[in-house]
Amino acid sequence: MRIIYIRKSMKILYTVVLIAVFCSIAAGISSDASFVYLEGLASWYSEFSAGIKPTTANMEMFDHDKATCAIWGLPFDTRIEVTNLSNDRKVIVRVNDRGPAKQLCQEGRVIDLTMAAFEEIEVLEKGLIKVKIRVVE
Numbered sequence: 023m024r025i026i027y028i029r030k031s032m033k034i035l036y037t038v039v040l041i042a043v044f045c046s047i048a049a050g051i052s053s054d055a056s057f058v059y060l061e062g063l064a065s066w067y068s069e070f071s072a073g074i075k076p077t078t079a080n081m082e083m084f085d086h087d088k089a090t091c092a093i094w095g096l097p098f099d100t101r102i103e104v105t106n107l108s109n110d111r112k113v114i115v116r117v118n119d120r121g122p123a124k125q126l127c128q129e130g131r132v133i134d135l136t137m138a139a140f141e142e143i144e145v146l147e148k149g150l151i152k153v154k155i156r157v158v159e
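According to this note's numbering, the sequence shown is numbered sequentially starting from 23.
As structure tokens, this is what we get:
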């Protein structure tokens with residue numbers, strides 16, 4: 023009886039922790055009335071990446087030559103400025119997809135940029151970069 027109670031308690035605790043993590047990703051983007059930002063790792067993806075579907079989460083045709091991104095917690099069509107923290111280069115992208123994959127979020131990834139957007143701020147060979155994200159519109 024005690025083991026069952028502990029398992030139920032652990033399930034409840036695990037559920038609460040998961041909800042807190044996802045809420046912190048979605049709503050924990052630091053903000054005040056006029057400024058919103060998030061820091062973390064950015065990666066890039068293209069139509070040639072494994073598992074990429076022909077449409078994005080908002081049902082647009084995926085195009086790795088456009089300056090778009092996949093991010094959790096921001097509405098579709100939000101425009102965000104992504105700054106590479108190592109060289110201060112910036113690109114403005116539009117949210118049209120969801121990602122990175124949840125297991126990659128646990129590793130610190132906060133955004134997937136299209137190949138074209140990533141190339142604006144870093145060479146593709148770099149793969150992962152530290153970025154600051156700011157909502158601009």
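Each residue gets a CB set at the ideal place from its N, CA and C atoms; glycine is no exception.
Source: prediction; values computed, not measured.
Check                                                                                    : Outcome
From R131, V115, D119, residue whose alpha carbon lies closest to that of I143           : V115
Residues near E103 by beta carbon distance below 6 Å, same chain, minus five either side : K112, I114, R156, V158
L135 - partner residues in DSSP beta bridges                                             : W66, C91
For D110 and F57, the rounded distance between their alpha carbons                       : Summary for F57: the model assigns pLDDT 45, below 50, so the residue's position carries little reliability; its value from the coordinates is reported in the next sentence. Answer to the nearest angstrom: the Cα atoms are 18 Å apart.
Range covered by the beta strand (DSSP E) that runs through K112                         : 112-119
Beta carbon of Y59 nearer than 8 Å to that of T136                                       : no
Neighbour-count burial assignment, L96, 16 or more Cβ in a 10 Å radius                   : buried
Of the listed residues E147, F84, V145, G130, nearest to K154 (C-alpha basis)            : G130
Option in E61, S108, V117 with minimal Cα separation from K148                           : S108
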